[in-house]
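Below is one structure, written out as C-alpha cells, with a few remarks after it.
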Amino acid sequence: MSIVGNIHSTENISGLLKIHFGFDRFRPMQEEIIRHVLSGDDAFVLMPTGGGKSLCYQLPALVFKGLTLVVSPLIALMKDQVDGLKADGIAAEFINSSLPGKEIFDIRERLKQGTVKILYLAPERLATGEFREFLRGLKVDCIAIDEAHCISQWGHDFRPDYFNLKTLRDDFPSGVVIALTATATPKVRQDIIQHLHLEQSRTFVSSFNRPNLYYEIRPKQDAFRELAALLRRHKNQAAVIYCFSRNDTESLAEALRGQGFKAAAYHAGLAAAARKQVQDQFIRDEIPVITATIAFGMGIDKPDIRLVAHYDLPKSVEGYYQETGRAGRDGLPADCILFYSLGDKFKQEYFIDKIENLDERRRSQQKLKEIISFCESYSCRRKFLLEYFSERFEQDHCGRCDRCLAPTGRMDLPKPRMSQKASSTGRRSSLDDNPVYDQGLFEELRILRKQLADKRKVPPFVIFPDTALRQMARDLPQSPEQFIRITGVGRQKLEQFGPAFIQIISEYSRIHNVKPGNNFIHKSKSVPSSVSTYEETKNLVAEKLSVQEMAVRRGLTLSTIISHLEKLSDSVQGIDIEYLRPEASRLTRVQSA
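Okay, so the sequence shown: first residue is 804 according to our numbering, each after it adds one.
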C-alpha cells in the first residue's frame, strides 16, 4: 500500500480539528485512527453511534491531496452530513437520485477540477458502469464505507448493493479503505473483513457503552398511557417510537395526535416524497414525535433525540442497540424505553415460521431468542448489551437502567468525584461537560438557531448542537475571542454566526444582569423560580423520596434525576443519598469500612 497525503501535515490535525470542526480535543481513539489512516493504512472501525466515527474520515479528507469517497446507505444521512460539512467550510458534495441532472453535471465538473474534497454516494450508484468509469478518472485517495455491517447477511440490516463495494480495491489500488460501523457481532465483523478484503487492516474497537443513555423495559400493560406520559415529560423534545408494522405506526401516530401531540408516521410504504417530508419536518424541529418502522433511523443524523421508545419488540439485539443508539448523540442524557409482552414474542414467531429459506429462518429464530433473553434477564441491561458485543463490563450495576434501580427506587450511585474523571471506558460524563446553564438564554438561542437554519434550509443542529448552546448559556461569550472557545465553534461558524449569537447573549446578559459562572439556572420569565433545578432535587432527597417518586414529582425523566443525584453527590457536602443504594451495595460498603 503506497502512502498517500502529506504525512508531515498530520502534525497539524489538532489545528484542523479546531478550525473546521470547532473541537479542542479528540474523543477516545479518534486521533489514533486518523493518524493511522493518514499513514496510508486500511482500517476497520467499530465505534458506537455518537462516538465520532464520521470525523475519522472527514478530517483525513482535508489532508489528502485527492478525493475521499464516502459510501452511505441512505439519502437523508448524506444530505445532513454534507450540509454540516459545508457549514464548517469544507468542500463536500453528494450524488444520488434526489438531485436533478443539471446539478449532478455541475458536481461532476467540480470533481474533475479537483475542487471537491469529500463525495457521498449510495452503494446503488456504484453499480452503474458509466459512473464507475467516471470515478476511475479521478484521484481517489480514501474510500470510507459507512454502516459497513450492511454487507453481512448475519447483520440486522443486510443490503445486497453493498456487495458492489468488494471491487473498489481493484479500481483504486492505492487508496486507503476505512470501514466503519456502530454495531457488529464477531460473525458480522468477520464478514466485513472478508468481503472488503481488509485482512491486512488494523481493527479499532471503541467501547460500545453509551453512558448517557438510560435503558428500561416495561411490561406492555396500558402502554399507550405510559407512552403519552413519557412524551409529556419530553415535551418539545425529539422522540422516535418504533413499531412492528406500517399499520401500527399510522394508528399510533393518529392516537397521539388525538392526545395533542405533534406526531407523524414513517415507514417504507409511504411515497418517497411523503417520507422525505416527514424526515425534514423531524430534523428541522417542526414535528417532535415520529412513529416508525425500522425503515427510519439509520439515515437520520439528528443529535438531540431525547427519547427512543420501542412500542413493540425489536427483531434483534443488534437492531435494538442500533435504534436506541439514535438517542443522545450529543452526549446529553436520553431515555430508551421498551414495552415488552409475550404477545409480541408469539407474533414474531408466527412470521418467522413463514420464512421459506431455512438458513434465514434459523438466523431469525436465534436473533429472537437473544432479544427475549435481553428482555427477561435480571442482570444490568448495559452489562448484557456490552457482553453481547464481546465487551467486558466490570461493574455489576451501571446506575442507568431499570435493573440497577431497585423496585423501591434505590440505585447504585457512582463513587464521589466520578463525574470529574474519565470513566473506565475513557469517556467523560456529560455532566462534566454540561454543568448548569441559563435556561432563559438557552431558549432564546434556540429561537435564533431555528431562524438561521430555516433561512439556510438546513437542520438546526447544523448551525450549532444543543451542547454548544448550553455552553453559550453558561459561559456567556460576548466577544469573538470568547465565542471561539465554545465547543463546536470553528473559524467558519465564528464568521457566519458569531455576531448574531454574541448580540443575543450580550443583550440578555445586560437585561437580566447575569454573569458567566453563575452556579444556578436562571429561569425564563415563564418559570419565575429562583431555586436551581439541583436544589429542588436536593429538597426531595431530604424527604427520602425514591428516584421514581422524584421524577414524577418534578415531571422529569429518570435519567435526568439520576444526573442530578450524581452532581449532588459529587459537590454537596453532607447530602444523604445512601438510602438510594441497593441493599447489596450498602452491605459491601459496610463490610469494607
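The beta-carbon is built from N, C-alpha and C at its ideal position, and this holds for glycine as well.
Here the structure is a predicted model, which is why all the values come from computation and not from measurement.
Practice problem: On a CA-only basis, which of Ala-982, Leu-941, Asp-974, Val-1265 is nearest Lys-856? Give me that one, please. | Solution: Considering only alpha carbons, the answer is Ala-982.
- Helix, strand or coil for Tyr-1143, going by three-state DSSP, please let me know. The answer is strand: DSSP assigns Tyr-1143 an E or B state.
- Task: Inspect the beta-carbon positions of Leu-929 and Leu-968 and report whether they are closer than 8 Å.
- Result: Contact flag set, yes.
Is it the case that the stretch 1055-1062 contacts the stretch 1125-1141, given that we only count it when at least three CB pairs across the two stretches are under 8 Å? Not touching, per the Cβ criterion.
- Query: In or out: Thr-931 buried (at least 16 other Cβ within 10 Å) or exposed?
  - Reply: Looking at its Cβ environment, which holds fewer than 16 other Cβ atoms inside 10 Å, Thr-931 is exposed.
- request: Leaving out five residues on either side along the sequence, give the residues of the same chain with a beta carbon under 8 Å from the beta carbon of Gly-1146.
  value: Answer for Gly-1146: Lys-1023, listed in chain order.
Proximity below 8 Å, CB of Glu-788 to CB of Asp-1205:
It is not possible to answer for residue 788, since the shown part of the chain is limited to 804 through 1396.
Counting C-beta neighbours from all protein chains within 10 Å, is the total for Pro-989 16 or more, i.e. buried, or is it exposed?
Looking at its Cβ environment, which holds fewer than 16 other Cβ atoms inside 10 Å, Pro-989 is exposed.
* To do: Measuring alpha carbon to alpha carbon, tell me which of Ile-1289, Ile-1307, Val-1265, Arg-1203 ends up nearest Leu-1248.
  => Check the Cα spacing between Leu-1248 and each of Ile-1289, Ile-1307, Val-1265, Arg-1203: the tightest is with Ile-1307.
Report the option in Leu-1110, Gly-1061, Gln-1062 whose CA atom is closest to the CA atom of Tyr-1045. Among Leu-1110, Gly-1061, Gln-1062, the Cα nearest to that of Tyr-1045 is on Leu-1110.
Proximal residues to Arg-1185 (C-beta, below 6 Å), its chain only, five neighbours per side dropped: Excluding residues within five positions, the ones whose Cβ falls inside 6 Å are Cys-1201, Cys-1204.
Whole angstroms are fine: how far does the CA of Lys-1079 sit from the CA of Gly-1072?
Their backbone Cα atoms lie some 12 Å apart in a straight line.
Out of curiosity, what's the CA-to-CA distance linking Arg-1049 and Ile-995?
-> So the two alpha carbons sit approximately 31 Å from each other.
- Expressed to the nearest angstrom, what Euclidean distance is found between the alpha-carbon atoms of Val-1265 and Thr-986? The alpha-carbon atoms of Val-1265 and Thr-986 are separated by roughly 25 Å.
- request: Check each candidate in His-1367, Val-1292, Val-1317 and name the one with the smallest Cα separation from Arg-784.
  value: Residue numbering for the chain in the displayed model covers 804 to 1396; residue 784 lies beyond these limits and cannot be assessed.
Here's the rule I'm using: 16 or more other beta-carbon atoms within 10 Å means buried, otherwise exposed. How should Asp-1241 be labelled? Buried is the call here.
- For Phe-1267, count neighbouring Cβ atoms within 10 angstroms of its own Cβ and tell me buried if that reaches 16, exposed if not. Label assigned to Phe-1267: buried.
Thinking C-alpha only, which one of Ile-1086, Glu-1298, Ile-1305 is nearest Pro-1280?
Closest in alpha carbon position to Pro-1280, among Ile-1086, Glu-1298, Ile-1305, is Ile-1305.
Exercise. Can you grab the Cα-Cα spacing for the pair Glu-1381 / Leu-1343, in whole Å?
Key: Going by the C-alpha atoms only, they are around 14 Å apart.
Checklist line | Sequence-distant residues of its chain with Cβ nearer than 8 Å to Lys-1118 (five each side left out) | finding: Close CB contacts of Lys-1118 within its chain, under the 8 Å cut and outside five residues either way in sequence, are with His-959, Ile-1097, Gln-1151, Ser-1167, Lys-1170, Leu-1171, Ile-1174 (chain order).
Rounded Cβ spacing between Gln-884 and Tyr-923 (contact assumed at less than 8 Å):
Contact holds; Cβ gap of about 7 Å.
Practice problem: Report buried or exposed for Thr-1094, applying the criterion of at least 16 other Cβ atoms within 10 angstroms of its Cβ. | Solution: With 16 or more other CB atoms across the displayed protein chains lying within 10 angstroms of its CB, Thr-1094 is buried.
Rank Ile-921, Ala-925, Val-1120 by C-alpha distance to the C-alpha of Ala-894 and give the top, closest one. Nearest C-alpha to Ala-894: Ile-921.
Label Ser-1332 either buried or exposed according to how many other C-beta atoms from any shown protein chain fall within 10 Å of its C-beta, with 16 as the threshold for buried.
The predicted position of Ser-1332 is uncertain, since its pLDDT is 36 and thus under 50; no value can be drawn from it.
Give the C-beta separation of Pro-1106 and Asp-1133 to the nearest angstrom, bearing in mind that I take them to be a contact with Cβ-Cβ under 8 Å. Their Cβ separation, rounded to whole angstroms, is 4 Å, which keeps Pro-1106 and Asp-1133 in contact under 8 Å.
State the Cα-Cα distance for the pair Lys-1370 and Ala-1354, rounded to the nearest angstrom.
Here the alpha carbons of Ala-1354 and Lys-1370 stand approximately 16 Å from one another.
Looking at the structure shown, is Pro-1263 part of a helix, part of a strand, or coil, going by DSSP? In this structure, DSSP gives Pro-1263 a helical state, which the three-state scheme calls helix.
Short of 8 Å in beta carbon distance, which residues of its chain neighbour Val-919, apart from the five on each side in sequence? Order them along the chain.
Once the five neighbours on either side are set aside, the close Cβ partners of Val-919 are Leu-870, Ala-894, Ala-895, Glu-896, Ile-910, Arg-913.
Report the three-state DSSP secondary structure of His-1200 (helix, strand or coil). In the structure shown, His-1200 sits in coil (DSSP, three-state: anything other than H, G, I, E or B).
Original post:
Span of the beta strand (DSSP E) holding Tyr-923?
Top reply: 921-924 is the span of the beta strand (DSSP E), which, as asked, contains Tyr-923.
So what's Thr-988 in DSSP terms, helix, strand or just coil? Three-state DSSP puts Thr-988 in coil, outside helix and strand.
CA-CA distance, Ser-1010 and Phe-961?
-> Approximately 23 Å, taken between the alpha carbons.
message = Would Arg-1013 and Gly-1122 be called neighbours here (beta carbons separated by less than 8 Å)?
response = No, these two residues do not count as a Cβ contact at 8 Å.
request  = Could you tell me which of Gln-1062, Val-943, Cys-859 sits nearest to Thr-984, measuring between CA atoms?
outcome  = Nearest option by C-alpha distance: Cys-859.
Classify Tyr-1018 as helix, strand or coil using the three-state DSSP reduction. In this structure, DSSP gives Tyr-1018 an extended state, which the three-state scheme calls strand.
Since Ala-1042 and Leu-1034 are thought to touch, with beta carbons under 8 Å apart, how far apart are those beta carbons, to the nearest angstrom? The C-beta distance from Ala-1042 to Leu-1034 rounds to 6 Å, short enough to meet the 8 Å contact threshold.
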